[in-house]
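**Student:** This is the structure I have questions about; it appears just below.
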Amino acid sequence: MDFIFSVIGTYLDWDVKSLLIFIAVFILTADYIKNRRLASFPPGPWAFPIVGNMFSVDHNRTHESMTQLAGKYGDVYSLQMGQEWMVVLNGFEVLKEALVNQGDGLADRPPQPLIMDLNDGLGVIFSNGHSWRQQRNFALSTLRSFGVGKKSLEPIILDEITHCSKDIYSHQGKPFNPNLILNNAVSNIICSLVFGHRFEYRDEKFRKMIICFERALQSQATIWAKFYNSFPLLMRHLPGPHQAFLQIFSKVKDFITEELKDHKLNWDPSDQRDYIDCYLNEIQMSKGQPDNTFDEKNLVMCVLDLFVAGSETTSTTLRWAFLYMAKYPEIQAKVQAELDRVIGQSRQPSMEDRANLPYTDAVIHEVQRMGNIVPLSVPRMTNRDVQLGCYTIPKGVTIIPNLTSVLYDKNEWETPFTFNPRHFLNEEGKFVKQAAFIPFSAGKRLCPGESLAKMELFLFFTSFMQNFTFSMPAGKRPVMDYHFGITLAPCQYEICATSR
7 MDFIFSVIGT
17 YLDWDVKSLL
27 IFIAVFILTA
37 DYIKNRRLAS
47 FPPGPWAFPI
57 VGNMFSVDHN
67 RTHESMTQLA
77 GKYGDVYSLQ
87 MGQEWMVVLN
97 GFEVLKEALV
107 NQGDGLADRP
117 PQPLIMDLND
127 GLGVIFSNGH
137 SWRQQRNFAL
147 STLRSFGVGK
157 KSLEPIILDE
167 ITHCSKDIYS
177 HQGKPFNPNL
187 ILNNAVSNII
197 CSLVFGHRFE
207 YRDEKFRKMI
217 ICFERALQSQ
227 ATIWAKFYNS
237 FPLLMRHLPG
247 PHQAFLQIFS
257 KVKDFITEEL
267 KDHKLNWDPS
277 DQRDYIDCYL
287 NEIQMSKGQP
297 DNTFDEKNLV
307 MCVLDLFVAG
317 SETTSTTLRW
327 AFLYMAKYPE
337 IQAKVQAELD
347 RVIGQSRQPS
357 MEDRANLPYT
367 DAVIHEVQRM
377 GNIVPLSVPR
387 MTNRDVQLGC
397 YTIPKGVTII
407 PNLTSVLYDK
417 NEWETPFTFN
427 PRHFLNEEGK
437 FVKQAAFIPF
447 SAGKRLCPGE
457 SLAKMELFLF
467 FTSFMQNFTF
477 SMPAGKRPVM
487 DYHFGITLAP
497 CQYEICATSR
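The numbering of the sequence shown is the working numbering, which starts it at 7 and goes up by one.
This is the structure in structure tokens:
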């Protein structure tokens, strides 16, 4: 009897093993059949089963990894992230063909689970179709009515610069970390437009919101976020940094919701003070209309998106600017000499001065190019089959526009890896904008905050250069390393600002 049970046990043991082997082979075979590259699809590195190319890139330097892969697989290549295929576009000519010439076919955003769990497909940046067009058009027209891109916005920006400069003066030339000061100052511009008021730099609630915002943007580009987007059903129930991302943005949304409640208490349709007032009026006007996308939930997400588009990129660029001026004091001196000659010390800069400040303008552009603030842009998605060269990219594939490959393209820039303002100057010393300068991306999904960012960068930078000389603390050199995220931010540093 024992012998019989032993035989049966052995049989069952091998039967279970056979079943497990069969299941494993079946899963691997199904994964291969499902995810194999078609002949017309862009090439790319070999992908592991299930996880694909998740470990083929360094997620702390994703933009550099993707640029290096282009050297092996070409300017148009593919990666499999989990169960999702994405195509990476490299080089100015390829991005121009895709984003501009065939922009209609790449006008959508991919429905990334991490973002969808945050915004339900609402807002300005990650929405698609009719909702995106309606919300973007409303945001652009409303912000223009409050002065964005116009001279009427200058006093608001210059007033904030005065507050910021006082804070910098208070350090009396001693080392300080400019991160929070610049984030507060730049965020206050969008706060004035959206909320109708600014926040004091010592406002703890506001400071916490700014810090949360920065952390969330960094965590959105981690490998945890990639796993979440690839395996959302599993990752939603597992602990990790991806959960912190959702919690952080939940706090930011709560902050915006509180502002919305305050607005509703004092809202007067005949006196529209800011973006929220205008949006509340649009909600009332659009009730009952077909295809209406205006409601309070969408309002909160649109405000959050405007903060992304109108604050984070600008404050990060200014932090890079401080570092580059400290690293290249001779360039800083030339900027200050030009400002002294054109503006002097008796008045604040104005956008009208830009045409007479070609070297300063060139330095600002070179900071943006070298800073490479949004290195991989924001993902796109094909809404139809798209032909790029000899490759066919099917509908529904995620597209990564590698802006790094353009801003550092050796075919477009004389010294692509060196800080060189001459990239934007002709032989006569006049400013020349280069076609390959696309830090705000290109095409139909061009950053909605571009015009605001350009005005802020010029006025903040020229005002700082007019009033301060920036240098590193004694015995320290500028460290040009970065934290990779949606934005490419410099590592935390301290700097000295000496009054001129």
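Virtual Cβ for every residue (Gly too), placed ideally from N, Cα, C.
Between the C-alpha atoms of E418 and M291, what's the straight-line distance to the nearest angstrom?
**Tutor:** Looking at the two C-alpha atoms, the distance is approximately 49 Å.
**Student:** Do P385 and T68 have their CB atoms nearer than 9 Å?
**Tutor:** Cβ distance not < 9 Å, so P385 and T68 don't count as in contact.
**Student:** Going by the beta-carbon positions, is the gap between S411 and D81 smaller than 9 Å?
**Tutor:** Yes; because the gap between Cβ atoms is below 9 Å, this pair is in contact.
**Student:** Could you give the first and the last residue of the continuous alpha helix (DSSP H) run that contains P364?
**Tutor:** Element bounds for P364: P364 to G377.
**Student:** Taking the alpha carbon of F443 as the reference point, which residue from G377, A327 and V306 has its own alpha carbon closest?
**Tutor:** Of the listed residues, the one whose Cα sits closest to F443 is G377.
**Student:** Looking at C-alpha atoms only, which residue of T168, S225 and Q354 is the closest neighbour of Q253?
**Tutor:** The shortest Cα separation from Q253 among T168, S225 and Q354 belongs to S225.
**Student:** Does the Cβ-Cβ distance between F464 and P355 come in under 9 Å?
**Tutor:** Going by C-beta atoms, F464 is nearer than 9 Å to P355.
**Student:** Given a cut-off of 9 Å, decide if M92 and T468 are closer than it, judged by their beta-carbon atoms.
**Tutor:** No; because the gap between Cβ atoms is not below 9 Å, this pair is not in contact.
**Student:** Just checking my contact of L517 with S62 at CB under 8 Å: how many whole Å lie between their CB atoms?
**Tutor:** Nothing can be reported for residue 517, as the shown portion of the chain is limited to 7 through 506.
**Student:** Output needed for Y285: all residues of its chain with C-beta closer than 6 Å, excluding positions within five of it in sequence on either side, in chain order.
**Tutor:** Excluding positions up to five away in sequence, the list reads L305.
**Student:** Does the ligand ADP have even one heavy atom less than 8 Å from the beta-carbon of V306?
**Tutor:** For the structure depicted, the ligand ADP is absent and the ligand set is empty, with no information on it obtainable.
**Student:** Taking the straight line between their C-alpha atoms, what separation do you get for S317 and R204?
**Tutor:** Taking the straight line from one Cα to the other gives about 13 Å.
**Student:** Check R115 in the structure and name its three-state DSSP category.
**Tutor:** In this structure, R115 counts as coil in the three-state DSSP scheme.
**Student:** Please classify F32: does DSSP put it in a helix, a strand, or coil?
**Tutor:** In this prediction, F32 has a pLDDT of 49, which is less than 50 and means its spatial position is unreliable; what the coordinates show is noted afterwards. The answer is helix: DSSP assigns F32 an H, G or I state.
**Student:** From this set, A222, L413 and T504, which residue's C-alpha is nearest M331's C-alpha?
**Tutor:** For the residues A222, L413 and T504, the minimum Cα distance to M331 belongs to T504.
**Student:** Buried or exposed for D1, please, with buried defined as at least 16 other CB atoms from any protein chain shown within 10 angstroms of its CB.
**Tutor:** Not covered by the structure: residue 1. The range shown for the chain is 7 to 506.
**Student:** Three or more beta-carbon pairs under 8 Å between the segment 466-485 and the segment 388-402, yes or no?
**Tutor:** The segment 466-485 is not in contact with the segment 388-402.
**Student:** Considering only C-alpha positions, which residue in the set S158, P119 and I337 is nearest to W230?
**Tutor:** Here the closest residue by C-alpha is P119.
**Student:** What separation, rounded to the nearest whole angstrom, lies between the Cα atoms of C197 and G58?
**Tutor:** Answer to the nearest angstrom: the Cα atoms are 42 Å apart.
**Student:** Quick one: residues in its chain with C-beta nearer than 7 Å to the C-beta of H248, no 5 flanking neighbours on either side, listed in chain order?
**Tutor:** Closer than 7 Å at the Cβ level, and outside the excluded window around H248, lie L120, W230, A231, Y234 and M241.
**Student:** In this structure, does DSSP put G491 in helix, strand or coil?
**Tutor:** In this structure, G491 counts as coil in the three-state DSSP scheme.
**Student:** Let me know the alpha helix (DSSP H) ranges lying completely inside the segment 187-238, each 4 residues or longer, listed in chain order.
**Tutor:** Those alpha helix (DSSP H) runs which fall completely within the segment 187-238 and span 4+ residues are 210-225 and 229-236.
**Student:** Kindly indicate which three-state DSSP category C502 falls into: helix, strand or coil?
**Tutor:** Reduced to three states, the DSSP call for C502 is strand.
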